[in-house]
Amino acid sequence: MCGPLPASPGGGAACGSACSGGAGNAAALPQPARAIATLLRSRCVGHSERAALRLAAPSVLALMLTGRSFIQMIRERRWAQACGAVSAHCSPEFLARSLDKDGDSPLSWLAYKASDSPMCMRLLRTLLELAPDMVSKRERVYGFLPLHSAAWGNAPSWVAEELCVQYPEGIYAHSKVKETPYDLGVSNHGFSFRWPSEHVLQQEADRILAMRHFAALLHAVGVALGEAVHWSAELVRVQRVAGMLPARLGLPPPAAELLVRYLA
């Protein structure tokens, strides 16, 4: 695909009111939140008062955040603010699954707009944890996966790796115009396209996945060893107490031996 890049990964313009789940209205909020939401929308409240309300009530604003607003944060690369919104929102999965009018998700937009910011990486991993199936969701216009959007935006290669770890089938997936993500990146960006070949990308995704499985295994072994050490220490303590009980209770030898065996 040649020519200038459209405003969105799916070829649409800005996110409109058709965003899925965008109805975060004040009536659905608790009473304090409703009052602040009403004040924020009131024409009688000046800019300084409105700014003070925003600073004083970040959790309320997080409750008011819609999918459309969240996507707009990502479009503007406000990574830290978007991470904070996900953490504070009453339903972070709702944000992760919201769609714009072309069917593009926050994950698609992040893939398209991604930078080398650590907060961008954190947000990407958070979205993948909240809604892992969105990595395989295609938008409606060109049939792009988030991996296609990443290639179209010439995202850093680590973005492609993270998406491929979650959905390796996306490496060779074709859009409606029969292009894989790698084909799309090369055709739009030429020599400035920063991704490795599809084969190398798949190898790197496999390596990352294997490392994560190994790390999870090590963690599980560490937890098991920690529990074993704890219970060994408990057993020693119980045996020590069991050895002292017969004398303390003044039991005859047969009864004392039976009690020690039972407790050990």
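My numbering puts the sequence shown at residues 443 to 706.
Each residue gets a CB set at the ideal place from its N, CA and C atoms; glycine is no exception.
query = What is the rounded straight-line gap between the Cα of Met561 and the Cα of Leu552?
reply = 11 Å
message = Taking 8 Å as the limit between beta carbons, can you name the residues of its chain near Gln644, skipping five residues before and five after?
response = Cys606, Pro610, Ile613
task = Quick one: residues in its chain with C-beta nearer than 7 Å to the C-beta of Ile650, no 5 flanking neighbours on either side, listed in chain order?
result = Here the set comprises Glu603, Val607.
task = Grab the span of the alpha helix (DSSP H) containing His631 for me, first residue to last.
result = 623–631
message = Does Thr508 come out as helix, strand or coil in the three-state DSSP assignment?
response = coil
As assigned by DSSP and simplified to three states, the class of Ser607 = According to the sequence provided, residue 607 is Val. The question's Ser does not apply to it. DSSP, read as helix, strand or coil, puts Val607 in helix.
ask   = Thinking C-beta only, is Tyr624 closer than 8 Å to Glu646?
value = no
key: Three-state class that DSSP yields for Phe536 in the structure shown   = helix
message = One question on the structure: do Ala538 and Pro548 come within less than 8 Å of each other, judged by their Cβ atoms?
response = The Cβ-Cβ distance between Ala538 and Pro548 falls below 8 Å.
message = So, with DSSP's three-state summary, where would you put Ile650?
response = helix
request  = Express the C-alpha separation of Leu566 and Ile516 in angstroms, rounding to a whole number.
outcome  = Approximately 11 Å between the Cα atoms of the pair.
inquiry  = Taking the alpha helix (DSSP H) that Pro574 belongs to, which residues open and close that run?
reply    = From DSSP, Pro574 is part of no alpha helix (DSSP H); its letter is neither H nor E.
query = Hey, quick one: how far does the alpha helix (DSSP H) through Leu552 stretch, first residue to last?
reply = 548–555
Between the CA atoms of Phe512 and Ala522 - distance to the nearest angstrom = The alpha-carbon of Ala522 is positioned some 12 Å away from that of Phe512.
Host alpha helix (DSSP H) of Pro588 (start-end) = Where Pro588 is concerned, the enclosing alpha helix (DSSP H) stretches over 588–594.
ask   = Thinking just about the alpha-carbon of each residue, which of Phe633, Cys525, Asp575, Ser591 is nearest to the one in Ser559?
value = Cys525
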